[in-house]
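Participant: Numbering (the working numbering), first residue to last: 42 to 415.
I'd like to ask some things about the structure below.
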Amino acid sequence: MKKFNSVIFSKTLTLLFVVSCLISCKSNSVEIAPVTLEKMPTAGEPRNFSMGFSAIPKDDSEHAYLRSYDFAANYGETLVIRSSPFWKEFFRGSIPSEKYTKEILAQKHALKARNLNVVYVLDVFDPADRSSLFNLPAEYYGQSLASEKLKEALAREAIFVIHNLNPEIFVLGNEINMTFEQDADSYFQFVEAYKEIYDLIKDISPQTKVMTSFQYEELLGNIPWGNAHVPRWELLDDFSGRNDLLGITTYPSFFIDFVRRLDSDYYLQIREYSDLPIAFISAAYSSGKSRDGFNISTPIEQRRYLRKLLADADILDTYLIIWPVVEDGSLYNYPDSDLIKTMGLLDSQGIPKDAWSVWVEGFARPRLNFDSRR
């Protein structure tokens with residue numbers, strides 16, 4: 042059962058990532074329509090953190106794609122765009138294709154039209170197998186970042202994205218501690234490459250916040266079907282001095298039935314090991330039941346989780362909270378997707394769930410000026 046569940050968990054995270062990547066690549070064909078932004082009155086105590094969503098729509102239509110941008114603009118300040126490396130486009134002697142360049146520029150225009158900040162996640166390793174580089178050309182299958190050619194291509198793509206998209210936050214590598222658990226050699230090769238690319242980015246764009254991210258439940262050793270291990274807080278030290286934010290992804294509903302089962306310091310304990318501002322680049326909780334052998338949730342539990350997340354964010358030095366899925370939809374009617382298909386804050390009919398009012402209430406709080414507090 043442990044092996045089966047581990048495979049399902051990997052496939053589920055893969056689907057969440059791949060759907061995001063595939064949809065973001067539609068942007069070159071989407072006409073950027075005029076945008077009407079809703080002006081919400083502010084209310085409540087100020088918040089230190091930005092809020093937003095991932096560019097993951099409810100279906101694969103262009104309307105739904107732009108709707109995901111509009112939701113982020115009307116009920117947040119930030120949008121997360123995820124991609125895998127386009128290695129071949131950035132080999133020495135190559136230039137990025139017109140198609141790839143148009144995709145990046147279309148995303149830039151859509152973001153600018155909505156006054157959105159962007160978090161760009163370049164996921165280096167395959168979410169289904171964190172020991173393998175993602176999206177390698179066939180002739181490079183099995184190679185690693187020990188290859189200077191691949192490392193150089195990754196650096197060139199990072200610089201291209203920084204120049205053309207100008208993200209507020211650039212995330213190189215996602216849930217990188219899962220790579221450590223599967224293949225320590227690949228992990229340490231990445232650490233070396235990351236440090237070099239971090240320095241290159243800072244040379245050309247010192248204002249860009251650069252980081253990698255960690256899967257929080259795996260970091261704590263909380264995955265019940267995985268290999269048992271003590272918390273891996275020491276992995277944070279591998280990026281010391283070259284991580285502008287502490288990026289984490291977190292999905293507690295994969296492992297617990299009730300929010301009250303989370304320790305009161307579930308997130309607060311981070312401060313014992315890092316003083317970096319925290320970026321929750323993907324934090325979510327399901328609102329429905331899944332297959333046998335996994336946990337059952339409800340809309341009320343989803344609401345309780347979001348309340349806890351926002352309350353803890355006020356205590357922590359939190360920089361960002363991203364909820365990955367706004368609406369439940371047909372994109373999640375695939376095998377192995379039942380763990381994420383009810384993570385939306387709206388149901389498949391667009392009707393708000395219990396947690397939606399908590400999100401809107403949190404977003405309505407005036408946001409402090411980041412420049413004045415850092």
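We put the beta carbon where it would ideally sit given N, CA and C, even for glycine.
Following the continuous alpha helix (DSSP H) through G403, name the residue where it begins and the one where it ends.
Facilitator: Taken as a continuous stretch (DSSP letters only), the alpha helix (DSSP H) holding G403 covers D395 to A405.
Participant: In chain order, which beta strand (DSSP E) runs of at least 3 residues are fully inside the stretch 311-356?
Facilitator: Runs found: 319-324.
Participant: Under a Cβ-count criterion, where at least 16 other Cβ atoms within 10 Å of its own Cβ denotes burial, should D244 be classed as buried or exposed?
Facilitator: Label assigned to D244: exposed.
Participant: Hey, is the stretch 303-323 in contact with the stretch 276-289, meaning 3+ C-beta pairs nearer than 8 Å?
Facilitator: With the cut-off at 8 Å, the stretch 303-323 and the stretch 276-289 touch.
Participant: Kindly list the residues whose CB is nearer than 8 Å to the CB of L260, restricted to its own chain and excluding five residues on each side of it in sequence; keep chain order.
Facilitator: Hits under 8 Å: N218, P272, R273, W274, L276 and I289.
Participant: Considering Cα atoms alone, identify which of S294, E402, D279 and R155 is closest to N263.
Facilitator: Ranking S294, E402, D279 and R155 by Cα distance to N263 puts S294 first.
Participant: Quick one: what does DSSP say S281 is sitting in, helix, strand or coil?
Facilitator: Of the three classes helix, strand and coil, the one that applies to S281 here is coil, per DSSP.
Participant: Inspect the beta-carbon positions of L357 and G403 and report whether they are closer than 8 Å.
Facilitator: For L357 and G403, no; Cβs fall outside 8 Å.
Participant: Output the boundary residues of the beta strand (DSSP E) element that contains R297.
Facilitator: According to the sequence shown, residue 297 is Ile rather than Arg. Careful: I297 lies outside any beta strand (DSSP E) and carries neither H nor E.
Participant: Which residues does DSSP list as the beta-bridge partners of D304?
Facilitator: DSSP output for D304 lists no bridge partner at all.
Participant: Which same chain residues end up closer than 6 Å to P75 when comparing Cβ atoms and leaving out the 5 residues on each side of it in sequence?
Facilitator: Only weak support exists for where P75 lies, its pLDDT of 45 falling under 50; the value from the coordinates is given anyway. Closer than 6 Å at Cβ, skipping near neighbours: no residue.
Participant: Excluding the 5 residues preceding and the 5 following F175 in the sequence, name in chain order all residues of the same chain whose CB lies nearer than 8 Å to its CB.
Facilitator: S125, P126, D164, V165, F166, D167 and P168.
Participant: Going straight from the alpha carbon of A234 to that of E368, what length do you get?
Facilitator: Roughly 36 Å between the two C-alpha positions.
Participant: Is K330 close to chain D? Criterion is C-beta to C-beta, closer than 8 Å.
Facilitator: Reference to chain D is not applicable here, since this structure consists of a single protein chain.
Participant: Which residue's Cα is closest to the Cα of Q41: R171, D170, V121 and A396?
Facilitator: In the structure as shown, the chain starts at 42 and stops at 415, and residue 41 therefore has no counterpart that could be examined.
Participant: Using C-beta distances below 8 Å, list every residue in its chain close to H104, excluding the 5 sequence neighbours before and after it, in chain order.
Facilitator: Contacts found: none.
Participant: Is A114 near R155, with beta carbons less than 8 Å apart?
Facilitator: It is a contact, given that the beta carbons lie within the stated cut-off.
Participant: Rounding to the nearest angstrom, what Cα-Cα distance links L63 and Y141 in this structure?
Facilitator: Since pLDDT at L63 reaches only 47, below the 50 mark, its modelled position is unreliable, and no value is offered.
Participant: Kindly confirm or deny that the stretch 305-312 and the stretch 394-408 touch, where touching means at least three C-beta pairs closer than 8 Å.
Facilitator: At 8 Å Cβ cutoff, the stretches do not touch.
Participant: For the beta strand (DSSP E) that Q256 lies in, which residues bound it at each end?
Facilitator: Per DSSP, Q256 belongs to the beta strand (DSSP E) from S254 to Q256.
Participant: From the DSSP output, which residues share a beta bridge with S95?
Facilitator: For S95, which the question treats as bridged, DSSP gives the partners V121.
Participant: By how many angstroms is the C-alpha of E180 removed from the C-alpha of Q94?
Facilitator: The question names Gln, yet the displayed sequence has Phe at residue 94. If you take the alpha carbons of F94 and E180, they lie about 36 Å apart.
Participant: Which term fits Y182, buried or exposed, when burial requires 16 or more other beta carbons within 10 angstroms of its beta carbon?
Facilitator: Looking at its Cβ environment, which holds fewer than 16 other Cβ atoms inside 10 Å, Y182 is exposed.
Participant: Using a Cβ-Cβ cutoff of less than 7 Å, which residues in the same chain neighbour R354 once the five nearest sequence positions on both sides are dropped?
Facilitator: The amino acid occupying residue 354 in the given sequence is Ala; Arg does not appear at that position. Within the same chain, A354 has close Cβ partners F90 and I362.
Participant: Considering only the alpha carbon of each residue, which of W397, L177, Y360 and I210 lies closest to A325?
Facilitator: The candidate whose alpha carbon is nearest that of A325 is W397.
Participant: Name the DSSP bridge partner or partners of V232?
Facilitator: Answer is none; V232 lacks a bridge partner.
Participant: Assuming L213 and T253 form a contact by the criterion Cβ under 8 Å, report the distance between their Cβ atoms to the nearest whole angstrom.
Facilitator: The Cβ separation is near 6 Å, so the contact holds.
Participant: For a test of the three-state rule: what should DSSP assign to R171, helix, strand or coil?
Facilitator: Looking at R171 - three-state DSSP - the assignment turns out to be strand.
Participant: I need the DSSP call for K153, collapsed to helix, strand or coil.
Facilitator: If DSSP states are grouped into helix, strand and coil, K153 belongs with the helices.
Participant: Expressed to the nearest angstrom, what Euclidean distance is found between the alpha-carbon atoms of D278 and L146?
Facilitator: D278 and L146: Cα-Cα distance of roughly 36 Å.
Participant: Using a Cβ-Cβ cutoff of less than 6 Å, which residues in the same chain neighbour Q223 once the five nearest sequence positions on both sides are dropped?
Facilitator: So the qualifying residues of the chain are R171 and S172.
Participant: Under the assumption that W364 contacts L386 (Cβ atoms under 8 Å), give the Cβ distance between them as a whole number of angstroms.
Facilitator: Indeed, because the Cβ distance is near 6 Å, the residues count as touching under 8 Å.
Participant: Which two residues bound the contiguous beta strand (DSSP E) that contains Y110?
Facilitator: Not the beta strand (DSSP E): Y110 falls in the alpha helix (DSSP H), residues E103 to N115.
Participant: How is Y161 classed by DSSP in three states: helix, strand or coil?
Facilitator: Here Y161 sits in strand by DSSP.
Participant: Hey, how far is the Cα of I341 from the Cα of L241?
Facilitator: Looking at the two C-alpha atoms, the distance is approximately 46 Å.
Participant: Nearest-angstrom Cα distance between L409 and I200?
Facilitator: If I take the Cα positions, the gap works out to 30 Å.
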